[in-house]
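A.B. asks: Next up is a structure, given as structure tokens.
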Amino acid sequence: MLGAIIDMDGTILESMGLWEQVDIGFLRDKRGIEVPADYMNAISPLGYRETALYTIARFGLPDSPEDLMAEWEEMAVHEYENTLPLKPFAREFLTKLKKSGIKTALCTSSPECFYAPALKRLEVYSMFDAFVSASALELRKGEPEIFLTAAQKLGLRPEDCTVFDDMPDAIAGAKSAGMKTCGVYDRYSASHMDRMKRMCDRYVMSLEELI
1 MLGAIIDMDG TILESMGLWE QVDIGFLRDK RGIEVPADYM NAISPLGYRE TALYTIARFG
61 LPDSPEDLMA EWEEMAVHEY ENTLPLKPFA REFLTKLKKS GIKTALCTSS PECFYAPALK
121 RLEVYSMFDA FVSASALELR KGEPEIFLTA AQKLGLRPED CTVFDDMPDA IAGAKSAGMK
181 TCGVYDRYSA SHMDRMKRMC DRYVMSLEEL I
């Protein structure tokens with residue numbers, strides 16, 4: 001492995017619980033709509049704008065995508081800027097990659113206004129050589145183009161990169177891009193664990209296993 005392409009939410013950052021609360025607040029508390037059991041899984045591979053479009057279509061909302069994204073950003077940005085922690089052993093994992101001379105790219109569905117403040121506050125932003133946001137590219141996280149873009153930014157061939165992610169759609173996209181894959185357990189995606197173990201070249205229950 002010469003390059004590591006790493007997801008943020010649910011892989012190195014304890015943030016998936018925040019989005020569950022945002023969904024509850026946005027749909028149930030503000031609009032009286034119970035959050036369907038499959039909603040989180042449905043939106044997990046989508047970019048920010050795609051999630052807004054999907055939500056509007058699914059629930060017949062009168063809002064524009066821009067209205068929804070602004071509302072979500074207002075609900076979430078404070079947590080990214082101030083409270084969300086790294087997952088256990090994430091710092092040690094990133095430090096090991098850096099010391100080993102492995103190039104690293106963050107590959108996330110989140111927009112820069114989420115990932116940059118969080119990673120800078122946690123003092124790991126400088127450990128990444130490149131950043132790719134599915135939201136900025138208006139791509140689904142499961143599309144191979146997002147991973148190919150990350151490899152290109154690192155100056156590496158796809159076959160020399162390993163993708164670390166907690167969701168099966170992202171792993172499928174990485175494999176379609178010709179990359180190796182390592183699944184990372186997160187309690188909010190635990191229902192995918194058996195599928196992830198079948199799909200991935202390696203699967204870890206904790207980032208400690210990668211140190």
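Residue 1 is where the sequence shown starts when you use my numbering, and the numbers rise one by one after that. The C-beta atom is built at its ideal place from N, Cα and C for all residues, glycine as well. Please read all numbers here as calculations on a predicted model, not as lab measurements.
(1) In terms of residue numbering, what span does the beta strand (DSSP E) encompassing residue 182 cover?
(2) Report the option in 67, 62, 34 and 20 whose CA atom is closest to the CA atom of residue 44.
(3) Determine the extent of the beta strand (DSSP E) in which residue 100 is found, giving its start and end residues.
(4) Starting from residue 161 and walking both ways along the beta strand (DSSP E), at which residues does that stretch end?
(5) Quick check: what's the CA-CA separation for residue 72 versus residue 65?
(6) Would you kindly work out how many angstroms separate the C-alpha atoms of residue 147 and residue 33, rounded to a whole number?
(7) Quick one: measure Cβ to Cβ for residue 217 and residue 165, integer angstroms, because I've assumed they're closer than 8 Å.
(8) Suppose only complete runs of 3+ residues qualify. What are the beta strand (DSSP E) ranges in the segment 70 to 133, listed by chain order?
(9) Among 116, 101, 191 and 31, which one has its Cα closest to the Cα of residue 13?
(10) Could you say which of 26, 11 and 77 lies nearest to residue 52 if we only look at CA atoms?
(11) Just list the residues that DSSP pairs residue 13 with in beta bridges.
(12) On the criterion of 16 or more Cβ atoms from any shown chain inside 10 Å, does residue 114 qualify as buried, or is it exposed?
C.D. replies: By the coordinates alone:
(1) If you number the sequence shown from 1, residue 182 lands on position 182. Here the beta strand (DSSP E) through residue 182 covers 180 to 184.
(2) Within the sequence shown, residue 44 is the residue found at index 44, counting from 1. Here the closest residue by C-alpha is 20.
(3) Position 100 of the sequence shown holds residue 100. In the DSSP assignment, residue 100 falls outside any beta strand (DSSP E), carrying neither H nor E.
(4) Here residue 161 refers to the residue found at position 161 of the sequence shown. Boundaries of the beta strand (DSSP E) harbouring residue 161: 161 to 165, taken from the DSSP string.
(5) Taking the first residue of the sequence shown as 1, we reach residue 72 at position 72. Taking the first residue of the sequence shown as 1, we reach residue 65 at position 65. Approximately 11 Å, taken between the alpha carbons.
(6) Sequence index remark: in the sequence shown, residue 147 carries index 147 (1-based). Sequence index remark: in the sequence shown, residue 33 carries index 33 (1-based). Straight across, the Cα-Cα distance linking residue 147 with residue 33 is about 35 Å.
(7) The chain is shown from 1 up to 211; residue 217 falls before or after that span and cannot be answered.
(8) Every unbroken stretch of the beta strand (DSSP E) spanning 3 or more residues and falling wholly within the segment 70 to 133 is given here in chain order: 103 to 108 and 130 to 133.
(9) As a working mapping, residue 13 is identified with position 13 in the sequence shown. Ranking 116, 101, 191 and 31 by Cα distance to residue 13 puts 116 first.
(10) Taking the first residue of the sequence shown as 1, we reach residue 52 at position 52. Closest by alpha carbon: 26.
(11) Residue 13 sits at position 13 when you count from the first residue of the sequence shown. Bridge partners of residue 13: 9 and 86.
(12) Within the sequence shown, residue 114 is the residue found at index 114, counting from 1. The residue in question, residue 114, is buried, as its Cβ has 16 or more Cβ neighbours within 10 Å.
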